[in-house]
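Trainee:
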Amino acid sequence: MKTTFERPESLQDVVTHYCPGCTHGVIHRLVAESLDELGLRERTVGVAPVGCSVLAYNYFNTDFLESPHGRAPALATGFKRLRPDMIVFTYQGDGDLASIGMAEIVHAANRGEKFTTIFVNNAIYGMTGGQMAPTTMPGQITTTCPFGRDVAQTGMPIRMCELLSSLMTPLYLERVAVHSPMHIIQAKKAIKRAFQYQAEGRCFSLVEVLSTCPTNWGLTPSSATEWVKQNLEPYYPIKRFKTPDNSGAD
Amino acid sequence: MAKILMKGNEAIAEAALRAGANNYFCYPITPQTEVAEYLSKRMPEVGGVFLQAESEVAVGNMLYGASATGKRVFSTSSSPGISLMQEAISYIAGAQLPVVLINIMRGGPGLGGILPAQSDYFQATKGGGHGDYRVLVLAPSTIQEAVDLTMLAFHLADKYRNPVMLIGDGMIGQMMEPVEFPETYKESPLPEKTWAATGAKGRRPLIIKSLFLDPVALENNNIQLFKKYEQMKSEEVRYELYKVKPDNQILIVSYGTMARICQTAIDELEGDGVSVGLFRPISLFPYPEKELKAEVDRANIKTVLTIEMSMGQMLEDVEKAVCGAKPVKFFGRTGGIVPSPEEVKEQILRLVTTASGKGLPTRRGGETWIS
Ligand SMILES: Cc1ncc(C[n+]2csc(CCOP(=O)(O)OP(=O)(O)O)c2C)c(N)n1
Ligand code: SF4
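Chains V and X, in that order, give the protein sequences. Anchor point for the first sequence: position 167 equals 180 in my numbering, and the numbering is continuous, going up by one each time. Anchor point for the second sequence: position 300 equals 558 in my numbering, and the numbering is continuous, going up by one each time.
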């Protein structure tokens, strides 16, 4: 019988700790497939964040560094500057990247560090039990905004791709989602493209992936994907913001 | 090689390069910014990496990432900047990576001032960041020694896979002295860096981390770390004696720039017939506890006098080492004031008169004090 679906070589054969219905796992797979297809696994080093994906290093079959909360872009910068021949990626949640690590990502992007950032936006702090993130939607209930996010107190959710798009240097910015097969196929293309650009030594790239957190959203896996469609997608449009070939928004 | 006249900060920068550390990340802060300025020119010449980061928080973490390649990396900063690096230092110690940090201290707390101080002793030697870890700390008192210890620092960082911190002060950074760089820097062989992340080609993936969610694993990790610190205690204690003689009644304990000023005071007092010796710790962690105790235990020593450019931080290690065997007195200036040899002499003479029974003024928190 012909094998049609296998575990990518860039993933380890281990049991996941992610909650049922969490799309962190899907995103891991897309990263791993991209590394496999581009033949990059053996010269890749990932940088794990602090958040639910802190244990990403248990899943990828590549070298890995574990970073302090938000600092993955600084670690990646240090590593990549000394080993420009290697492929470096950071894998960061929205609390990690858009809150505590805001300075590190903005400056790494602005310097045009030639690594790839996979930015997993689930609009909440997953690991610490569902607190408000800078990406939490207006009115969304979390454990630290039990009456719903009040934008008069906390501002509007931060759109990282839009924010980074205002910088001249970062050249590949795309927002994708993984809540339907069609979205997953698009997301895969974006992630692969980001690694391709890095392999060609071209630019800093960030792929923002709208993800789910059924556990802390208090939803079933299927209603969580619906929630992404209803609530996140309109505010966080799926879009290619910049590519090195077309540095303006398309 | 002939001696050349160099500013301390530049000499430290050059020493690091000659120790094979051509990877430097920085953020400007007085009184050490010349290191960055110097290396921004020198690094391109040696094909090294020079990067001015957005903050010391980023610098610390860039060092973390960069040292994971196995190459020699370092940064220099001053007190408030080193505070911001503490997050990374804790992680680097936890992940067991070699990194060299140089703190050209200025007066604190807070924004403090920009003049020389020794008030980061606690931070350097007792932690600074969170968790059960230690940093190997070296304190030069001349620019030549700053050169030699900078080179040694990289060796020790590799030997122990641990952060090594050199602490000097604004004086060490800013003054000029003739220095000599060794023609070739020889050091004992180091183990191969099999822990460096180089890509999982033909081997299992390698993880550099400090996370151990299982408490037993974390405890085991910390016990391993502490074995390393115990090894430092047996192999890396460094100190110097100055004019330590059998007839000394007073033994001064002082380090860095302050120790040098004490030497001048001791020289001048010698001419006046007052015999005082100096014990100068060079390694602040590991602290030369046993060695100090042995000197203090000599019969003629009546009093130990700790002198620092702080409110008395090393004092606690001296008291611990002396362990009540002899009275320990303290003199210090803080806020960026460097005591003159005359002030030191005055304190010593007061102590001498007291030893002969005239009563000792106890004044802490004033301009100068002995307690
Ligand atoms: C310095 C520091 N502050 C806070 C924490 C606690 N912490 C762990 S994970 C996390 C939030 C992570 O959220 P996010 O990045 O959105 O990732 P997710 O868990 O949702 O995937 C926080 C605040 C920490 N580990 N370190
Ligand atoms: S808490 Fe949320 S983000 Fe974390 S694994 Fe569970 S579902 Fe995923």
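Every residue gets a Cβ at the ideal spot worked out from N, C-alpha and C, and that includes glycine. The structure presented is a predicted model; accordingly, all values stated were derived computationally and were not measured.
Taking 8 Å as the line, does the beta carbon of leucine 110 of chain V fall inside it for any heavy atom of ligand 1?
Mentor: Within the cutoff, so yes.
Trainee: How long is the line joining the alpha carbons of valine 602 of chain X and aspartate 575 of chain X, rounded to whole angstroms?
Mentor: Between valine 602 of chain X and aspartate 575 of chain X, the C-alpha separation is close to 21 Å.
Trainee: Name, going along the chain, the residues of the segment 287-318 of chain X whose beta-carbon falls closer than 9 Å to a beta-carbon of chain V.
Mentor: So the list reads Val307, Leu309, Ala311, Glu312, Ser313, Val315, Ala316, Val317, Gly318, given in the order they occur along the chain.
Trainee: Straight-line CA distance for glycine 278 of chain X to asparagine 361 of chain X?
Mentor: Straight-line Cα distance between these residues: approximately 20 Å.
Trainee: For lysine 93 of chain V, count neighbouring Cβ atoms within 10 angstroms of its own Cβ and tell me buried if that reaches 16, exposed if not.
Mentor: Lysine 93 of chain V is buried by the Cβ-count criterion.
Trainee: Taking buried to mean at least 16 other C-beta atoms within 10 Å of its own C-beta, is asparagine 259 of chain V buried or exposed?
Mentor: Its Cβ having fewer than 16 others within 10 Å, asparagine 259 of chain V is exposed.
Trainee: For methionine 99 of chain V, count neighbouring Cβ atoms within 10 angstroms of its own Cβ and tell me buried if that reaches 16, exposed if not.
Mentor: So methionine 99 of chain V ends up on the buried side.
Trainee: I'd like to know if serine 80 of chain V contacts chain X, where contact means its C-beta is closer than 9 Å to some C-beta of that chain.
Mentor: Yes, because at least one Cβ of chain X sits closer than 9 Å to the Cβ of serine 80 of chain V.
Trainee: Please list the partners that phenylalanine 77 of chain V has in chain X, where partner means a Cβ-to-Cβ separation under 8 Å.
Mentor: Ala455, Pro463, Leu464, Ile465, Ile466, Lys467, listed in chain order.
Trainee: Leaving out the 5 sequence neighbours to the left and right, which residues in its chain are closer than 7 Å to histidine 37 of chain V when beta-carbon positions are compared?
Mentor: These residues qualify, in order along the chain: Tyr31, Cys65, Ser66, Val133, Ser224.
Trainee: Closest Cβ-Cβ distance between lysine 93 of chain V and chain X: below 9 Å?
Mentor: Cβ-Cβ to chain X under 9 Å: yes for lysine 93 of chain V.
Trainee: Between X:Gly339, X:Ser533, X:Glu528, which lies nearest to proline 367 of chain X when the distance is taken from Cα to Cα?
Mentor: Proline 367 of chain X has its Cα closest to that of X:Gly339, out of X:Gly339, X:Ser533, X:Glu528.
Trainee: Taking buried to mean at least 16 other C-beta atoms within 10 Å of its own C-beta, is phenylalanine 271 of chain V buried or exposed?
Mentor: Nothing in the structure corresponds to residue 271 of chain V, since chain V is present only between 14 and 263.
Trainee: For glutamate 117 of chain V, go through chain X and note every residue whose CB falls closer than 7 Å to its CB, in chain order.
Mentor: In chain order: Ala316.
Trainee: Counting beta carbon pairs with one atom in the segment 584-604 of chain X and one in the segment 512-532 of chain X, are three or more of them shorter than 8 Å?
Mentor: Touching, per the Cβ criterion.
Trainee: For valine 422 of chain X, list the residues DSSP reports as bridge partners.
Mentor: Valine 422 of chain X pairs with X:Val358, X:Leu394.
Trainee: Count the CB pairs spanning the segment 118-128 of chain V and the segment 345-359 of chain X that are closer than 8 Å, and state whether there are at least three.
Mentor: Contact between the segment 118-128 of chain V and the segment 345-359 of chain X is absent, because fewer than three Cβ pairs lie under 8 Å.
Trainee: CB-CB under 6 Å to valine 405 of chain X, same chain, minus the five flanking residues each way: which ones, in chain order?
Mentor: Ala269, Ala273, Val437.
Trainee: Please list the segments of the alpha helix (DSSP H) lying wholly inside the segment 175-243 of chain V, counting only runs of 4 or more residues, in order along the chain.
Mentor: If we require 4 residues or more, the alpha helix (DSSP H) runs fully inside the segment 175-243 of chain V come out as 194-212, 227-230, 234-240.
Trainee: Starting from the beta carbon of leucine 321 of chain X, find every residue of chain V whose beta carbon is closer than 8 Å, and list them in chain order.
Mentor: Those are Gly91, listed as they occur along chain V.
Trainee: Using a Cβ distance threshold of 8 Å, determine whether the segment 162-177 of chain V contacts the segment 50-66 of chain V, with at least three qualifying pairs required.
Mentor: In short, these stretches do not touch, since the Cβ pair count stays below three.
Trainee: With a threshold of 9 Å between beta-carbons, can glycine 278 of chain X be considered close to chain V, or not?
Mentor: Taking Cβ atoms only, chain V never reaches closer than 9 Å to glycine 278 of chain X, which makes this a no.
Trainee: When DSSP labels each residue in this structure, what does aspartate 427 of chain X get in the three-state scheme?
Mentor: Residue state, collapsed to three classes: strand.
Trainee: Please classify serine 23 of chain V: is it buried, with 16 or more other beta-carbons within 10 angstroms of its beta-carbon, or exposed?
Mentor: Answer is buried; the Cβ neighbour count reaches 16.
Trainee: Who are the neighbours of valine 11 of chain V on chain X, taking C-beta pairs under 8 Å?
Mentor: With chain V running from 14 to 263 in the structure shown, residue 11 of chain V is simply not present.
Trainee: Suppose the cutoff is 6 Å on Cβ atoms and the five residues either side in sequence are ignored; what does the same chain contact list for leucine 648 of chain X look like?
Mentor: Residue 648 of chain X lies beyond the stretch modelled for chain X, which goes from 259 to 629, so this question has no answer here.
Trainee: Cβ closer than 7 Å: which chain X residues qualify as neighbours of asparagine 74 of chain V?
Mentor: Neighbours of asparagine 74 of chain V on chain X, chain order: Ala458, Pro463.
Trainee: Taking CB distances under 9 Å as the criterion, tell me whether asparagine 281 of chain X reaches chain V.
Mentor: It does; some Cβ of chain V falls within 9 Å.
Trainee: Mind listing which residues of the segment 595-615 of chain X have their C-beta closer than 9 Å to chain V's C-betas, in chain order?
Mentor: Within the segment 595-615 of chain X, no residue has a Cβ that lies closer than 9 Å to any Cβ of chain V.
Trainee: Find the residues of chain V that neighbour glutamate 345 of chain X, judging by a C-beta separation of less than 8 Å, and give them in chain order.
Mentor: Going along chain V in sequence order, the residues near glutamate 345 of chain X (Cβ under 8 Å) are Pro81, Arg84.
Trainee: Taking all protein chains shown into account, do 16 or more other C-beta atoms lie within 10 angstroms of the C-beta of glycine 152 of chain V, making it buried, or fewer, making it exposed?
Mentor: Counting Cβ neighbours within 10 Å, glycine 152 of chain V comes out exposed, since fewer than 16 surround it.
Trainee: Going along the chain, which residues of its own chain have a beta-carbon closer than 7 Å to the beta-carbon of glutamate 494 of chain X, five neighbours each way excluded?
Mentor: Contacts found: Leu394, Leu414, Ser541, Pro544.
Trainee: Determine the DSSP secondary structure at valine 63 of chain V, reduced to helix, strand or coil.
Mentor: Of the three classes helix, strand and coil, the one that applies to valine 63 of chain V here is coil, per DSSP.
Trainee: If you draw a straight line from the alpha carbon of glutamate 221 of chain V to that of glycine 431 of chain X, how long is it in whole angstroms?
Mentor: C-alpha separation (whole angstroms): 45 Å.
Trainee: For chain V, check one thing: does any of its Cβ atoms lie closer than 9 Å to the Cβ of alanine 475 of chain X?
Mentor: Chain V contact via Cβ: absent.
Trainee: Could you give the DSSP three-state label for glutamate 55 of chain V: helix, strand or coil?
Mentor: DSSP places glutamate 55 of chain V in helix when its eight states are reduced to three.
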